[in-house]
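Participant: Using the UniProt record's numbering, the first residue of the sequence shown is number 1, and each one after it goes up by one.
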Amino acid sequence: MTEQEQARIADQRLLIDDLDRRIIALLAERTRVVRVLTENKRDEAAVRSPDRVAAVVARVRALAEEHGMPPAIAEATYRTLIEELTQMQLVRLAERRAGAGADAAVGAGAGAGAGAGAAGAQQDAAGGGGENSGGGEGGAVGESSLGGEAELEAAAAVAARPGSS
C-alpha cells in the first residue's frame with residue numbers, strides 16, 4: 001500500500017470516528033427520551049409495544065433506503081437498540097413496582113414488617129394494586145408474560161448482565 005493510500009484510509013477513519021461520536025450522542029439523547037417515556041408506562045405490554053416496534057422498524061428501513069443504506073443493516077441495528085432499551089425499561093418498571101410495594105407496606109402501619117413490604121412488591125410486580133389499569137402503545141391492557149417474583153428476578157438478571165447500567 002502506498003503512502004497516499006494509507007493517508008486516504010487514515011482520513012476516512014477520522015471521518016468515521018467523528019460520525020461515531022455524533023451517532024453515540026444521538027443514541028444517548030434517544031435513551032434519555034426513552035427513560036422519560038418509561039415513567040409513563042405501567043405494564044410490560046406498554047413497554048414491549050409490538051405494534052410500535054413494527055412501525056419503527058418499517059420507518060427506519062424506509063429511511064435507510066432513502067439514504068442509500070442497506071435496509072437490513074438499519075433493521076438489525078434498530079432491533080438490537082430496541083431490545084436493549086426494552087430491557088432497560090423492564091428493569092425500571094420492576095424497580096417502580098418494588099418501590100410502590102415498599103411504600104404501601106410503610107403506609108400499612110406498625111406490625112407490617114419487612115415481609116409485608118416484600119409481599120407488596122411482589123403483588124405490584126404481578127400487577128396488583130391497579131398498576132395494570134392502563135393500556136400500552138399497541139399492547140393489551142394489563143397483559144404481562146411474567147408474574148410477581150419471576151418479573152423481579154428477570155429484572156435483577158438483566159441488571160446483573162455485563163454492560164447493563
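We put the CB at the ideal spot given by N, CA and C, even for glycine.
Which value, in whole angstroms, describes the spacing of the CA atoms of residue 84 and residue 35?
Facilitator: Mapped onto the sequence shown, residue 84 falls at position 84. Mapped onto the sequence shown, residue 35 falls at position 35. Distance between the alpha carbons of residue 84 and residue 35 is about 12 Å.
Participant: Mind checking whether the beta-carbon of residue 30 lies closer than 6 Å to any heavy atom of the ligand HEM?
Facilitator: The model depicted lacks the ligand HEM and carries no ligand whatsoever.
Participant: Is it buried or exposed, residue 101, if we count other Cβ atoms within 10 angstroms and call 16 or more buried?
Facilitator: Working through the sequence shown from its first residue, we reach residue 101 at position 101. Its Cβ being crowded by 16 or more others within 10 Å, residue 101 is buried.
Participant: What residue does the alpha helix (DSSP H) around residue 70 start on, and which one ends it?
Facilitator: Position 70 of the sequence shown holds residue 70. That residue, residue 70, is in no alpha helix (DSSP H); it is neither H nor E in DSSP.
Participant: Is the number of C-beta pairs between the segment 5-25 and the segment 46-66 that are closer than 8 Å three or more?
Facilitator: Flag = no, the segment 5-25 and the segment 46-66 do not touch.
Participant: When you compare the CB positions of residue 81 and residue 47, do they come within less than 7 Å of one another, or not?
Facilitator: As a first step, residue 81 must be located in the sequence shown, where it is residue number 81. As a first step, residue 47 must be located in the sequence shown, where it is residue number 47. Result no, Cβ atoms of residue 81 and residue 47 do not sit closer than 7 Å.
Participant: Hey, how far is the Cα of residue 70 from the Cα of residue 64?
Facilitator: For the purposes of this step, residue 70 is taken as the residue at position 70 of the sequence shown. For the purposes of this step, residue 64 is taken as the residue at position 64 of the sequence shown. Whole-angstrom Cα-Cα distance: 6 Å.
Participant: How would you write the range of the alpha helix (DSSP H) that residue 20 sits in, first residue to last?
Facilitator: Against the sequence shown, residue 20 aligns to sequence position 20. Taken as a continuous stretch (DSSP letters only), the alpha helix (DSSP H) holding residue 20 covers 3-38.
Participant: Hey, could you find the ends of the alpha helix (DSSP H) residue 61 is sitting in?
Facilitator: Within the sequence shown, residue 61 is the residue found at index 61, counting from 1. From DSSP, the alpha helix (DSSP H) with residue 61 extends over 50-66.
Participant: Residue 73 to residue 103, Cα distance in whole Å?
Facilitator: To locate residue 73, count along the sequence shown from 1; it is residue 73. To locate residue 103, count along the sequence shown from 1; it is residue 103. Cα to Cα, residue 73 sits roughly 45 Å from residue 103.
Participant: Three-state secondary structure (DSSP) at residue 42?
Facilitator: For the purposes of this step, residue 42 is taken as the residue at position 42 of the sequence shown. Coil.
Participant: How big is the Cα-Cα spacing for residue 14 and residue 44?
Facilitator: Taking the first residue of the sequence shown as 1, we reach residue 14 at position 14. Taking the first residue of the sequence shown as 1, we reach residue 44 at position 44. Residue 14 and residue 44: Cα-Cα distance of roughly 42 Å.
Participant: By Cβ distance below 8 Å, which residues in the same chain neighbour residue 86 in space, the five residues on each side in sequence not counted?
Facilitator: Numbered from 1 along the sequence shown, position 86 holds the residue referred to as residue 86. So the list reads 47 and 48, once near-sequence residues are dropped.
Participant: Residues in the same chain with beta-carbon distance under 6 Å from residue 75, minus the five sequence neighbours each way, listed in chain order, please.
Facilitator: Translated into positions along the sequence shown, residue 75 becomes position 75. 57 and 61, listed in sequence order.
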